[in-house]
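Visitor: Questions regarding the structure given below will be posed in turn.
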Amino acid sequence: MPFTIDPQPGEEVYLQREFRGSHDHVFAMAVSNQAVYVSAQKLVLKRDAWYFKRVPLNEVEEVRLVKQRPVYILLLGLVMILFGGILSFLMMWRAFNPMPGVPYHVSGWPFAILVGGIIIPLIARGRKILIVRMRAGRFKWKPQLAVDRKTREHYSHIQDELVDACRKAGISTVTLQ
Numbered sequence: 504m505p506f507t508i509d510p511q512p513g514e515e516v517y518l519q520r521e522f523r524g525s526h527d528h529v530f531a532m533a534v535s536n537q538a539v540y541v542s543a544q545k546l547v548l549k550r551d552a553w554y555f556k557r558v559p560l561n562e563v564e565e566v567r568l569v570k571q572r573p574v575y576i577l578l579l580g581l582v583m584i585l586f587g588g589i590l591s592f593l594m595m596w597r598a599f600n601p602m603p604g605v606p607y608h609v610s611g612w613p614f615a616i617l618v619g620g621i622i623i624p625l626i627a628r629g630r631k632i633l634i635v636r637m638r639a640g641r642f643k644w645k646p647q648l649a650v651d652r653k654t655r656e657h658y659s660h661i662q663d664e665l666v667d668a669c670r671k672a673g674i675s676t677v678t679l680q
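For the sequence shown, the residue numbers in our numbering are 504 to 680.
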């Protein structure tokens, strides 16, 4: 279902962007001269409908585009490398020293976890988080991890366009590298 805006009288929509990623990852945002529209889910269930939540400009304090801290992704990668390495070693130990008469199957999952631990920090480099701070809470879009460069550049371009549109609407914007 596409996100639609019903503009108020005299409202001019500067920018409307939508991003649908894999695994039902949905993001949509729009900026006008009277409000910021952020995507929200009707209830909390996974298959519930999405809609635009209208936030008047006087309730928006600032829009930030900050670089994700790499420490969490590096820790996740390290845990995956250790877990995958230990499981691979134990699995191969049993495979090279079999007990007589007991069949043993080798799985690819420990190696996949090990490789994932190496790759995840590399594909998460430079990922930015878009944060809209409002008087009553905040909206945060952390794009999904994407392996292909085209998708990473696409959502980075969307974030930059949204920050520029917010600047045009007179919202305080901060871009941290």
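A virtual CB, placed ideally from N, CA and C, is assigned to each residue, including glycine.
Source: prediction; values computed, not measured.
Which stretch, first to last residue, makes up the beta strand (DSSP E) that contains G640?
Guide: Segment 640-644, the beta strand (DSSP E) holding G640.
Visitor: Leaving aside the five residues before and after W644 along the sequence, list all residues of the same chain whose C-beta is less than 6 angstroms from its C-beta, in chain order.
Guide: Excluding residues within five positions, the ones whose Cβ falls inside 6 angstroms are F530, L633.
Visitor: Give me, in chain order, the residues of the same chain whose beta-carbon lies closer than 7 angstroms to that of H528; leave out the 5 immediate sequence neighbours on both sides.
Guide: Around H528: Q647.
Visitor: May I have the straight-line CA-CA distance separating P613 from Y607, to the nearest angstrom?
Guide: Those two C-alpha atoms are separated by around 15 angstroms.
Visitor: Which residues does DSSP pair with S542 in a beta bridge?
Guide: In DSSP, S542 forms a bridge with F555.
Visitor: Apart from the five residues on each side of it in sequence, which residues of its chain come closer than 6 angstroms, Cβ to Cβ, to A649?
Guide: So the list reads R655, once near-sequence residues are dropped.
Visitor: Report all residues from its chain with a CB closer than 7 angstroms to the CB of Q662; omit the five preceding and five following residues, and keep chain order.
Guide: These residues qualify, in order along the chain: L568, K631, L633.
Visitor: Does the beta carbon of T507 fall short of 6 angstroms from some heavy atom of the ligand FMN?
Guide: With respect to the ligand FMN, the structure offers nothing, as it holds no ligand at all.
Visitor: Thinking C-beta only, is A538 closer than 7 angstroms to K545?
Guide: Contact flag unset, no.
Visitor: Looking at the strands, I want to know which residues DSSP matches up with R628.
Guide: For R628, which the question treats as bridged, DSSP gives no partner whatsoever.
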